[in-house]
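Below is one structure; the comments refer to it alone.
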Ligand code: HEM
Ligand SMILES: [Cu+2]
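Protein chains in written order, with the UniProt record's numbering: chain A, 1 to 536; chain B, 1 to 203.
As structure tokens, this is what we get:
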């Protein structure tokens, strides 16, 4: 085994709080990202529970129509723009430099800027509640509604633009980091899968987010300077917004899920004790999803009648292909592995099963005639949550349980983790499976209440119970984290027998990350060392 | 095996900073791409262009005319293209280690940029339509306005380069910020040429 010596930079001591406020260390910024985004996950979750409370029974008057519109708009906005998109930047910040054997990101100060744009943007978005109401036009902000909604929407627009800037410069930072800062011997095709998914995500963000920003600027101009972009009376076109919005948001669906797939692909091989099945196929499938992601945006607008239906319907089916390839990668990895079921693995398997359902019903709704029938019903809400909660959120927890020992130097308790998983899995399916049935029965999304005669009450009540069960599931998780923080740091470098470089260094790593690096001959250098494949 | 540093800055080819800057410019291209797309969609939706048929009787009575002046923006275009040449001459100067050449050419480029902005503002003041006067006015002011902001950003960037070179910074071997600044300025120039062509030349 050869080790490579690294010069150790000197760091001055600073007061604790100042240190966190001014840090440019990717690990500290990663932790700040994780705390901030988990905070907004909690906020978005509370809003979701209010939504579910209102929908629990027919003809409910818990909140009125106006308040309901704000609740579901802010729920979706917080979950997407303040939680799921930046949470990946949080994991990426902490893990990517470690996995490629770098001492930091390429641009540490820009990295700090990317993070520090997020908290003020979040406050701005929510400050609408203080100024006569937050945005209430849905996270999709379609015109004509969006042309006339209150000042809360202006705050929302500015906040989303700021968040867009954050993720655009963050994307450039990730790209340069992975292109330029890899350890000696780590070619692009020896980069860990999580890094690959972060890289493709970064490309999507870099190219798609500015287009959304241009659309948001247009909306702002329409609303505040009398512009006519989306106003047919002035020669504008409401469909234009939808085109721009989905040009961003379709790739954004992959921005929200690809890094989660990457995390799962790190975890499955470790706990099945087998290399990832078909590493290269996985990488190409990830690139394929990235490329196709840009060409299918209009499938969201089938019902507007303004798009080339057969083409986009076909392309949407096509995107199922690389996703299917990944399913085979994952199942092939599990096949005949010596599997153990620690917490990260439980959540990873949860991801697999839920994502399968989400993927199937997504392809289902890509069929044009079907889309007309279920468009704007709860079927869509069910699909969104099977992908984003069943997929992305399960991956977030898988990643948290997996990297917790690395990041915080302690291990989370397995028994509490199992309780957390069981409650969340059951709660999740109770909350969202009934929504498929409600959708097929014609219940429209985004309605504040429904009449008793519609016959939707039982399923809605079940769904609400499930939602609150998800809330309860967070209790063992929080207890687990708090108890871990009360224990001393005791984790070895590599508690799971991991494959990638982050497990080579101490838990948590020193400021400069590595005192030495092993030689890299594949995408799993630590596995090679354990199995004696390290020879040239 | 040879010793390596961990976070290596590869010496050949583009530096990390330049690569990052080029990626940033790519995102800017996408931003303007969105604005241009809006313009072309609006044009293809319109029965005629400029869409005078959309003007209300009140707008007509208030003297709104959907017409642009050609020669002033044309001269401004020439100036902006010239400034792209001059900033590049500044880059060539510092590549040969000639700092005073850099200072001179950067100064000239800044002046040209400022004149461009003044001409744009003057041009705005002469037009007989506002941002609220149909999609024509909206796209016109949005596109040229965002471009103008980028010109301003470029002028500030060049001002920083000027100040730093007056303070004795930059050498033949070390002038990355100058290169980045010139890239940015060329980008602003190219966007303007595209804008000038679409807004003033395509009938
Ligand atoms: C406790 C967990 C959650 C519950 C109970 C929940 C519940 C709901 C409900 C009932 C709606 C529909 C509101 C309506 O159409 O009137 C909704 C919408 C939405 N949720 Fe969630 N949600 C949860 C978690 C999440 C997460 C984690 C995400 C994303 C990461 C998410 C993203 C969305 C989005 C994007 C919409 C908007 C759909 C639309 O545009 O109409 N939700 N949620
Ligand atoms: Cu889509």
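We put the beta carbon where it would ideally sit given N, CA and C, even for glycine. Remember, predicted model here, so these are calculated numbers, not experimental data.
Legend entry - Inter-residue CB distance, residue 76 of chain A and residue 156 of chain A (contact presumed, cutoff 8 Å): Rounded, the Cβ-Cβ distance is 11 Å, inconsistent with contact.
Legend entry - Distance cut-off 6 Å: residue 179 of chain A Cβ against heavy atoms of ligand 1: Flag unset: Cβ of residue 179 of chain A not near ligand 1.
Legend entry - For residue 444 of chain A, three-class secondary structure by DSSP: DSSP places residue 444 of chain A in the strand class (E or B) of the three-state scheme.
Legend entry - Assigned secondary structure, residue 197 of chain B (DSSP; H/G/I helix, E/B strand, else coil): Residue 197 of chain B sits in a helix when the DSSP states are folded into three classes.
Legend entry - For residue 168 of chain A, three-class secondary structure by DSSP: Here DSSP, grouped into helix, strand and coil, assigns residue 168 of chain A to helix.
Legend entry - Opposing strand residues paired with residue 377 of chain A [DSSP bridges]: Partner residues in the beta bridge of residue 377 of chain A, as assigned by DSSP, are A:444.
Legend entry - Span separating the alpha-carbon of residue 102 of chain A from that of residue 176 of chain A: Rounded to whole angstroms, residue 102 of chain A to residue 176 of chain A spans 12 Å at the Cα level.
Legend entry - Where the segment 156-185 of chain A meets chain B: residues whose CB sits under 8 Å from a CB there: Legend: CB atoms of the segment 156-185 of chain A lying less than 8 Å from CB atoms of chain B belong to residues 168, 169, 171, 172, 173, 175, 176, 179, 180, 181, 183, 184.
Inset, instruction - Could you tell me whether any non-hydrogen atom of ligand 1 is closer than 6 Å to the CB of residue 76 of chain A? - result: Correct: residue 76 of chain A has its Cβ closer than 6 Å to ligand 1.
Legend entry - Test: residue 27 of chain B CB closer than 7 Å to a CB of chain A: At least one chain A Cβ lies under 7 Å of residue 27 of chain B.
Legend entry - Cα-Cα separation, residue 137 of chain A to residue 352 of chain A: Taking the straight line from one Cα to the other gives about 33 Å.
Legend entry - Closer than 6 Å: residue 48 of chain A CB and nearest ligand 1 heavy atom: For residue 48 of chain A, the distance from the CB to the nearest heavy atom of ligand 1 is below 6 Å.
Legend entry - Residue range of the alpha helix (DSSP H) that includes residue 513 of chain A: In the DSSP assignment, residue 513 of chain A falls outside any alpha helix (DSSP H), carrying neither H nor E.
Inset, instruction - Could you tell me which chain A residues have their CB closer than 8 Å to the CB of residue 51 of chain B, listed as they occur along the chain? - result: Taking a Cβ-Cβ threshold of 8 Å, the residues of chain A close to residue 51 of chain B are 235, in chain order.
Inset, instruction - Taking only beta-carbon positions, decide if residue 221 of chain A is within less than 7 Å of chain B. - result: The beta carbon of residue 221 of chain A falls within 7 Å of a beta carbon belonging to chain B, placing the residue at that interface.
Inset, instruction - Kindly say whether residue 46 of chain B, judged by its beta-carbon, lies nearer than 7 Å to any beta-carbon of chain A. - result: Yes, its Cβ sits closer than 7 Å to a Cβ of chain A.
Legend entry - Residue-chain proximity (residue 211 of chain A, chain B), Cβ-Cβ < 7 Å: It does; some Cβ of chain B falls within 7 Å.
Legend entry - CB contact below 7 Å: residue 143 of chain B versus chain C: Reference to chain C is not applicable here, since the protein chains of this structure are A and B.
Inset, instruction - With DSSP as the reference, label residue 490 of chain A as helix, strand or coil. - result: The answer is coil: DSSP assigns residue 490 of chain A none of H, G, I, E or B.
Inset, instruction - For residue 164 of chain B, I'd like the list of residues in its chain whose CB is within less than 8 Å of its CB, leaving aside the five on either flank, ordered along the chain. - result: By the criterion of a C-beta distance shorter than 8 Å, residue 164 of chain B is surrounded in its chain by 170, 177, once the five residues flanking it on both sides are discounted.
Inset, instruction - Kindly list the residues whose CB is nearer than 8 Å to the CB of residue 535 of chain A, restricted to its own chain and excluding five residues on each side of it in sequence; keep chain order. - result: Because residue 535 of chain A carries a pLDDT of 46, less than 50, the predicted location of this residue cannot be relied on, and no value is offered for it.
Inset, instruction - Taking only heavy atoms of ligand 1 into account, decide whether any of them is closer than 6 Å to the Cβ of residue 138 of chain A. - result: Residue 138 of chain A Cβ: within cutoff of ligand 1.
Inset, instruction - Indicate the three-state DSSP secondary structure (helix, strand or coil) for residue 139 of chain A in the structure shown. - result: Three-state DSSP puts residue 139 of chain A in coil, outside helix and strand.
Legend entry - Under 8 Å by beta carbon: chain A residues contacting residue 204 of chain B: A query on residue 204 of chain B cannot be resolved here, the shown segment of chain B reaching from 1 to 203 and no further.
Inset, instruction - Following the continuous alpha helix (DSSP H) through residue 203 of chain A, name the residue where it begins and the one where it ends. - result: Here the alpha helix (DSSP H) through residue 203 of chain A covers 193-224.
Legend entry - Three-state secondary structure assigned by DSSP to residue 62 of chain B: The answer is coil: DSSP assigns residue 62 of chain B none of H, G, I, E or B.
Inset, instruction - Please decide whether residue 202 of chain B counts as near chain A, where near means a Cβ-Cβ distance under 7 Å. - result: Judged by the 7 Å Cβ criterion, residue 202 of chain B is not in contact with chain A.
Legend entry - Meets three-Cβ-pair contact criterion under 8 Å: the segment 340-350 of chain A and the segment 288-297 of chain A: The answer is no - the segment 288-297 of chain A does not touch the segment 340-350 of chain A, with fewer than three Cβ pairs under 8 Å.
Legend entry - Where residue 23 of chain B meets chain A, residues with beta-carbon distance less than 8 Å: Listed along chain A, the residues sitting closer than 8 Å to residue 23 of chain B by beta-carbon distance are 171, 172, 175, 176, 206.
Legend entry - Nearest-angstrom beta carbon gap, residue 144 of chain B and residue 120 of chain B [assumed within contact, 8 Å]: Contact between residue 120 of chain B and residue 144 of chain B holds: their C-beta atoms lie close to 7 Å from each other, under 8 Å.
Legend entry - Pairwise C-alpha distance: residue 161 of chain B and residue 182 of chain B: Annotation: residue 182 of chain B to residue 161 of chain B spans about 10 Å, alpha carbon to alpha carbon.
Inset, instruction - Establish whether the CB of residue 132 of chain B and some CB of chain A are separated by less than 7 Å. - result: Chain A contact via Cβ: present.
Inset, instruction - Using only the heavy atoms of ligand 1, determine whether one of them is closer than 6 Å to the beta carbon of residue 96 of chain A. - result: Not so, every heavy atom of ligand 1 lies at least 6 Å from the Cβ.
Inset, instruction - Quick one: list the residues of chain A neighbouring residue 35 of chain B, beta-carbon separation under 7 Å, in chain order. - result: Listed along the chain, the chain A residues whose CB falls inside 7 Å of the CB of residue 35 of chain B are 214.
Inset, instruction - Below 6 Å CB to CB, which residues in the same chain sit around residue 495 of chain A once its five sequence neighbours on both sides are set aside? - result: Excluding positions up to five away in sequence, the list reads 405.
Legend entry - Residues within the segment 330-361 of chain A neighbouring chain B, beta-carbon criterion of under 8 Å: Listed by position along the chain: nothing, the set is empty.
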